[in-house]
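Under this note's numbering, think of the first position of the sequence shown as 128, with each following residue one higher.
Input: a single structure, listed below in structure tokens.
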Amino acid sequence: MSEILEQIDHPFWGTVQRRSGYEGWDLEQAESLPNGTTTMLRFGFDDPSDPTVQENYSAIRTCWSEIWPRILNRIAQMKSAYGYGDTPLNPAFDWFSISVPTDPLATGAEWSVMLQAAEAGWLIDFEGWEDSGGQGVF
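Here it is in structure tokens:
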């Protein structure tokens, strides 16, 4: 993991951080995987006070129970297609990076989810609520 450069307590987000090697801020949250283990989510954004970013984050979290299984399934498909289907997620080192969009989700804002894994990054692009593509980033 990268070094925390700055940390603030924000009235909307709670504790958010800036990390070395990354632009913007992130909010870390734990999330359960289907096998019962826990992984880390990092919601990234540039301006913690941007009301559209806050609304988009709230909308993503509200729909998370529908989105999360789709994300996991899509990443499993990509890993398999690239020959990494048998490589398990390592919760001690791997995490999910979610870029919170600055444009409204209702108008088809582009955002992404990337599993930062030891073997590769597994990227899913979204337009609004629709998966618009994915790839392994080596």
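Virtual Cβ for every residue (Gly too), placed ideally from N, Cα, C.
Outcome for residue i when other beta-carbon atoms lying within 10 angstroms are tallied against a minimum of 16
{"i": "L232", "result": "buried"}
{"i": "A244", "result": "buried"}
{"i": "L160", "result": "exposed"}
{"i": "S226", "result": "buried"}
{"i": "L183", "result": "Position check: residue 183 holds Asn in this sequence, whereas Leu was assumed. Per the 10 Å Cβ criterion, buried."}
Opposing strand residues paired with residue i [DSSP bridges]
{"i": "W256", "result": "Beta-bridge pairing links W256 to no other residue."}
{"i": "L250", "result": "M241, Q262"}
Closer than 8 Å to chain C by CB, residue i
{"i": "N162", "result": "Going by chain labels, chain C is absent from the structure shown, which holds only one protein chain."}
Local conformation of residue i per DSSP, three classes
{"i": "G130", "result": "One point to set straight first is that residue 130 is Glu, not Gly, in the sequence displayed. Three-state DSSP puts E130 in coil, outside helix and strand."}
* Asked: Which ranges would you report for the alpha helix (DSSP H) in the stretch 144 to 200 if only whole runs of at least 4 residues count?
  -> The stretch 144 to 200 contains these whole alpha helix (DSSP H) runs: 178 to 189.
* To do: Take every Cβ of the stretch 188 to 203, pair it with every Cβ of the stretch 143 to 153, and state whether three or more of those distances are shorter than 8 Å.
  => no
* At which residue ranges does the stretch 196 to 244 contain complete beta strand (DSSP E) runs of 3 or more residues, listed in the order of the chain? -> Unbroken beta strand (DSSP E) stretches of 3 residues or longer found wholly inside the stretch 196 to 244: 222 to 226, 237 to 243, given in chain order.
* Taking three-plus beta-carbon pairs below 8 Å as touching, is the stretch 154 to 167 in contact with the stretch 217 to 236? -> Verdict: yes, contact present.
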